[in-house]
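Those protein sequences? They're chains A and B, same order as listed.
Under the working numbering, the first residue of the first sequence is numbered 1, with each subsequent residue one higher.
Under the working numbering, the first residue of the second sequence is numbered 1001, with each subsequent residue one higher.
Below: one structure, written as structure tokens.
2 protein chains.
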Amino acid sequence: METARRTYRRESQETRRADLISATQRLVAEGGPEAATVRAIAARAGVTAGLIRHYFQTKDELTRAAYRSLMDGMTSKGSDALESVGASPEERLAAFVAASLRPPVLDAGAVVLWAGYMHKVRGDAELLSVHEQAYTAYRDILQRLIAALKRDVPDTQLRGEAIACNALIDGLWVEGSILPHAFNEGEIVTLGLHSVGALLGVDLLAHTAMLTDPRKTLA
Amino acid sequence: METARRTYRRESQETRRADLISATQRLVAEGGPEAATVRAIAARAGVTAGLIRHYFQTKDELTRAAYRSLMDGMTSKGSDALESVGASPEERLAAFVAASLRPPVLDAGAVVLWAGYMHKVRGDAELLSVHEQAYTAYRDILQRLIAALKRDVPDTQLRGEAIACNALIDGLWVEGSILPHAFNEGEIVTLGLHSVGALLGVDLLAHTAMLTDPRKTLA
DNA sequence: CATAAGATTATGCACGCGTATAACAAAGAG
DNA sequence: CTCTTTGTTATACGCGTGCATAATCTTATG
């Protein structure tokens, strides 16, 4: 009985890398980092294990790429929400906050994926820099949206407000994702808007017509 | 050359279990979950690998015990700070918040340890319940401290405030631990006190004589 | 001091991991 | 239509893992 060699198609480098990264992310989200073995990743991506080393020098390199992709995606999903919304500063800030506290950003898989890389961030200098850049990028968007409120506050206060709002959103994101049934429908979004408003001295809940919107893009 | 059998001492069940749990926690904190192999844990605890199975039916059982111990410890370190402080509600709340945002609670190892268990929390019903209990316990302490402020607010608002303050503290705790150099000395504590105060409409920074205290117990 | 009990060590196994390398085949070039 | 390139598969190796079991040493008890 001859073992027939498996047939395959050649794909572009970008496609293959994206497939492998996506497979890695889905596996980590589902079963934690230990589920993302090279064999499992390859199977999920529809290739054989050896191919991973053709596109990434080592598994760690694939890991880093997956983390970078995750962090970039989370930030960009927030800013996507700014596209389809009015020009009022309060409205824009509210849309950004709400988008960060709703699926697909608010998602247990995303939290697990994020948490799964946490320990690698220490010790791996390159990953740490990826994390820091992503964190700063998100916070900067937030700070710009806050600054646009034009309440005439000094820059140093602005920085503190951005850090605090970021932390608040992060905390709600984690617990809201992991313990969804511990909160009422929409409670996390409402709480986020109300609390960010309280931190900044504005009323965001009044500027949130988009709260009952059809869902956003999942890409 | 005969290999001499290693000499050992018998220890109480509590001691051995505590040692193994502590070894597990330290290893995860240092190198992530994958560093906590049965052999590494045993070596760190000063025993041989087989002994683990004498005290825990499976490695997962040890893992659960370690997580439970971690969560309990974080909450209790916060409430410890309440012991040595005055009776003013603001002062007590400020002490609790500050303790949660300072070492040894604010610590990269602790965050990594916490994050390392995140994915196990999903899927493992028992771990999930441990997590939920710990989260609720911490939040309840917070809510009681907030209620003691006696601002005469309805219970449902109280609940929301506790969730938001908890999230804020969590978020500051994570980023403050992982990116310590991204913040100025004491900035996280000050920001936490200021922001929690803003959420509740009180001034906590005015009630924080203990900010420059000698360090707390590390137990 | 003898004895029993069980805490602890020692050894081995089967399996899955990441990596290396060689054989193969798909696709473009001439 | 053949040749060359290289994306892709296939196979194997060495190592570390969690777990099982047997041997042995410590300690409590009488």
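Cβ atoms here follow ideal geometry from the backbone N, Cα and C, with glycine treated the same way.
Nearest-angstrom Cα distance between B/Leu1093 and B/Val1112?
What you label residue 1093 of chain B is simply residue 93 of the second sequence in a count that begins at 1. What you label residue 1112 of chain B is simply residue 112 of the second sequence in a count that begins at 1. Going by the C-alpha atoms only, they are around 26 Å apart.
If you draw a straight line from the alpha carbon of A/Ala148 to that of A/Ile141, how long is it in whole angstroms?
Locating residue 148 of chain A in the first sequence gives position 148, where the first residue counts as 1. Locating residue 141 of chain A in the first sequence gives position 141, where the first residue counts as 1. Put simply, the backbone Cα of A/Ala148 is about 11 Å away from that of A/Ile141.
Between A/Glu34 and B/Glu1034, is the Cβ-Cβ spacing less than 8 Å?
Residue numbering aside, residue 34 of chain A sits at position 34 when the first sequence is read from its first letter. Residue numbering aside, residue 1034 of chain B sits at position 34 when the second sequence is read from its first letter. Yes, they are a contact pair.
Hey, does A/Asp170 have any beta-carbon neighbour from chain B nearer than 8 Å?
Here the question's residue 170 of chain A lines up with position 170 in the first sequence. So yes, A/Asp170 belongs to the interface.
Smallest Cα separation from B/Ile1163: which of A/Gly123, A/Ala164, A/Leu172?
Taking the first residue of the second sequence as 1, we reach residue 1163 of chain B at position 163. Answer by Cα proximity: A/Leu172.
Along the chain, where does the alpha helix (DSSP H) that runs through A/Ser69 open and close?
The residue labelled residue 69 of chain A in the question sits at position 69 within the first sequence. Where A/Ser69 is concerned, the enclosing alpha helix (DSSP H) stretches over 59-83.
For the region 28-50 of chain A, which residues have a beta carbon sitting closer than 8 Å to at least one beta carbon of chain B?
Val28, Gly31, Gly32, Pro33, Glu34
Could you pull out every unbroken beta strand (DSSP E) segment of at least 3 residues lying fully inside the region 1078-1119 of chain B, listed in chain order?
none
Quick one: is A/Gln143 buried, meaning 16 or more other Cβ sit within 10 Å of its Cβ, or exposed?
Residue 143 of chain A sits at position 143 when you count from the first residue of the first sequence. The residue in question, A/Gln143, is buried, as its Cβ has 16 or more Cβ neighbours within 10 Å.
Could you tell me the alpha carbon to alpha carbon distance between B/Val1153 and B/Thr1190, rounded to whole angstroms?
One-based indexing of the second sequence puts residue 1153 of chain B at position 153. One-based indexing of the second sequence puts residue 1190 of chain B at position 190. Using only the alpha carbons, I get a separation of about 25 Å.
In chain A, which residues lie less than 9 Å from B/Leu1120 when you measure between Cβ atoms?
Taking the first residue of the second sequence as position 1, residue 1120 of chain B is located at position 120. The residue asked about is misnamed: residue 1120 of chain B is Lys in this sequence, not Leu. Annotation: Cβ neighbours of B/Lys1120 in chain A (cutoff 9 Å, chain order): Gly32.
Who are the neighbours of A/Ile163 on chain B, taking C-beta pairs under 7 Å?
In the first sequence, the residue the question calls residue 163 of chain A occupies position 163. For the C-beta of A/Ile163, the chain B residues within less than 7 Å are, from N- to C-terminus, Leu1191.
When you compare the CB of B/Glu1132 with every CB in chain A, is at least one pair closer than 8 Å?
Counting from one through the second sequence, the residue named residue 1132 of chain B turns up at place 132. By this cut-off, B/Glu1132 is an interface position.
Checking contacts by CB at 8 Å: is A/Glu175 closer than that to chain B?
Your numbering for residue 175 of chain A matches position 175 in the first sequence. The beta carbon of A/Glu175 falls within 8 Å of a beta carbon belonging to chain B, placing the residue at that interface.
Per DSSP, what kind of secondary structure is B/Asn1166 in: helix, strand or coil?
The residue given as residue 1166 of chain B occupies position 166 in the second sequence. It is helical.
If B/Glu1132 and A/Leu179 are in contact, beta carbons under 8 Å, what's the gap, nearest whole angstrom?
In the second sequence, counting from the first residue as 1, residue 1132 of chain B sits at position 132. In the first sequence, counting from the first residue as 1, residue 179 of chain A sits at position 179. Correct: roughly 6 Å between the Cβ atoms.
For A/Glu91, I'd like the list of residues in its chain whose CB is within less than 7 Å of its CB, leaving aside the five on either flank, ordered along the chain.
Locating residue 91 of chain A in the first sequence gives position 91, counting from the first residue. If we look at A/Glu91 and ignore the five residues flanking it on each side, its Cβ neighbours are Val85, His207.
For A/Arg204 versus A/Ile146, is the C-beta distance shorter than 8 Å?
Along the first sequence, read from residue 1 onward, the residue named residue 204 of chain A stands at position 204. Along the first sequence, read from residue 1 onward, the residue named residue 146 of chain A stands at position 146. Arg is not the amino acid found at residue 204 of chain A; the sequence shown has Leu there. Not closer than 8 Å, so no.
Between the region 98-118 of chain A and chain B, which residues of the former have CB atoms less than 9 Å from a CB of the latter, in chain order?
Ala108, Gly109, Val111, Val112, Leu113, Trp114, Ala115, Gly116, Tyr117, Met118
Out of A/Ser88, A/Ala45, A/Arg6, A/Ser22, state which residue places its alpha-carbon closest to the alpha-carbon of A/Tyr67.
Position 67 of the first sequence holds residue 67 of chain A. The residue with the shortest Cα to Cα distance from A/Tyr67 is A/Ser22.
In the DSSP assignment, find the alpha helix (DSSP H) that holds A/Asp203 and state where it starts and stops.
Sequence index remark: in the first sequence, residue 203 of chain A carries index 203 (1-based). Here A/Asp203 belongs to no alpha helix (DSSP H), and DSSP marks it neither H nor E.
Which residues in the same chain as B/Asp1072 place their Cβ atom closer than 7 Å to its Cβ, once the five residues preceding and following it in sequence are excluded?
In the second sequence, the residue the question calls residue 1072 of chain B occupies position 72. For B/Asp1072, where only same-chain residues beyond five positions count, the Cβ hits under 7 Å are Ala1134.
Taking the C-alpha atoms as reference points, what is the distance between A/Arg9 and A/Leu82?
Here residue 9 of chain A corresponds to residue number 9 of the first sequence, with the count starting at 1. Here residue 82 of chain A corresponds to residue number 82 of the first sequence, with the count starting at 1. Going by the C-alpha atoms only, they are around 39 Å apart.
Could you tell me the alpha carbon to alpha carbon distance between B/Thr1007 and B/Glu1030, rounded to whole angstroms?
The residue given as residue 1007 of chain B occupies position 7 in the second sequence. The residue given as residue 1030 of chain B occupies position 30 in the second sequence. Their backbone Cα atoms lie some 29 Å apart in a straight line.
Roughly how far, in whole angstroms, is the beta-carbon of A/Ser100 from the beta-carbon of A/Gly78, given that I think they are within contact range, below 8 Å?
Counted from its first residue, the first sequence places residue 100 of chain A at position 100. Counted from its first residue, the first sequence places residue 78 of chain A at position 78. Confirmed, Cβ separation roughly 5 Å.
Using 8 Å as the threshold, is the C-beta distance between B/Asn1166 and B/Arg1139 below it?
If you number the second sequence from 1, residue 1166 of chain B lands on position 166. If you number the second sequence from 1, residue 1139 of chain B lands on position 139. The answer is yes: Cβ separation under 8 Å.
Return the Cβ separation of A/Val196 and A/Leu158 in integer angstroms, given the expectation that the two are a contact with Cβ distance under 8 Å.
One-based indexing of the first sequence puts residue 196 of chain A at position 196. One-based indexing of the first sequence puts residue 158 of chain A at position 158. Here A/Val196 is actually not in contact with A/Leu158; their C-beta atoms are around 14 Å apart, not less than 8 Å.
Can you give me the start and stop residues for the alpha helix (DSSP H) that A/Leu149 sits inside?
What you label residue 149 of chain A is simply residue 149 of the first sequence in a count that begins at 1. That residue, A/Leu149, is in no alpha helix (DSSP H); it is neither H nor E in DSSP.
By DSSP, does A/Ala4 sit in helix, in strand, or in coil?
Position 4 of the first sequence, counted from the start, is the residue given in the question as residue 4 of chain A. The three-state reading of DSSP puts A/Ala4 in coil, since its state is none of H, G, I, E or B.
Mind checking A/Arg39: buried by the 16 CB within 10 Å criterion, or exposed?
Counting from 1 along the first sequence, the entry for residue 39 of chain A is found at position 39. Exposed.
Which of helix, strand or coil does DSSP assign to B/Val1047?
The residue labelled residue 1047 of chain B in the question sits at position 47 within the second sequence. B/Val1047 falls in the coil class under three-state DSSP.
For B/Lys1059, I'd like the list of residues in its chain whose CB is within less than 8 Å of its CB, leaving aside the five on either flank, ordered along the chain.
Taking the first residue of the second sequence as 1, we reach residue 1059 of chain B at position 59. Cβ within range, chain order: Val1038, Ile1052.
Suppose you measure from the CA of B/Arg1005 to the CA of B/Arg1016; what does that come to, to the nearest Å?
To locate residue 1005 of chain B, count along the second sequence from 1; it is residue 5. To locate residue 1016 of chain B, count along the second sequence from 1; it is residue 16. Cα-Cα distance, rounded: 20 Å.
Please state whether DSSP places B/Ala1040 in a helix, a strand or coil.
Residue 1040 of chain B sits at position 40 when you count from the first residue of the second sequence. In the structure shown, B/Ala1040 sits in a helix (DSSP, three-state: H, G or I).
What is the DSSP secondary structure of A/Ser12, counted as helix, strand or coil?
Within the first sequence, numbered from 1, the residue matching residue 12 of chain A stands at position 12. Coil.
Could you name the residues of chain B that A/Tyr135 contacts, counting a contact when the two beta carbons are closer than 9 Å?
Start at 1 with the first residue of the first sequence, and residue 135 of chain A comes out as number 135. Per Cβ cutoff of 9 Å: Glu1175, Ile1178, Leu1179, Ala1182.
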